[in-house]
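Trainee: Residue numbers (my numbering): 30 to 138. For each residue, glycine too, the CB sits at the ideal point set by N, CA and C.
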């Protein structure tokens, strides 16, 4: 299905760096080799890297996208003004957004 979609949108020959497989399916036995054969592209399994203090379960391919989005959001927080996020959507409790941002930052190395 992935190969068909890549062909349909004309990207099959435009991803020379390959495909990154994440999520629970990435933990399937031989998924990397199977995807490489079916897609005729380089394939690797995406795992969170450079994240300290997390339990082993969270640094698996199943959580790669989630951890990546948290890191991305934490890096944007000072630039995008996410500290005022709670005021904009009227979250209950004073400083709830800041507490969330601080908790995410504590996950980063």
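If you follow the alpha helix (DSSP H) that residue 73 is part of, which residue opens it and which one closes it?
Mentor: First-last for residue 73: 72-74, but that is the beta strand (DSSP E), not the alpha helix (DSSP H).
Trainee: Tell me which residue opens and which closes the beta strand (DSSP E) that residue 58 is part of.
Mentor: Residue 58 -> no beta strand (DSSP E), and no H or E assigned at all.
Trainee: Between residue 76 and the rest of its own chain, which residues show a CB-CB distance below 7 Å, the 5 nearest in sequence each way excluded?
Mentor: In the same chain as residue 76, and ignoring 5 residues on each side of it, the C-beta atoms closer than 7 Å to its own belong to 88, 89, 90 and 93, in chain order.
Trainee: Please report the Cβ distance between residue 13 and residue 47, rounded to the nearest whole angstrom; I am assuming they are in contact, meaning their Cβ atoms lie under 8 Å.
Mentor: This structure cannot speak to residue 13, because the chain is shown only from 30 to 138.
Trainee: Can you tell me whether residue 64 is buried or exposed, with buried defined as 16 or more other CB within 10 angstroms of its CB?
Mentor: buried
Trainee: By a C-beta neighbour count over all protein chains shown, 10 Å radius and 16 as the cutoff for buried, is residue 58 buried or exposed?
Mentor: Around the beta carbon of residue 58, fewer than 16 other beta carbons lie within 10 angstroms, which makes this residue exposed.
Trainee: When the Cα atoms are used, what is the spatial distance from residue 132 to residue 39?
Mentor: 41 Å
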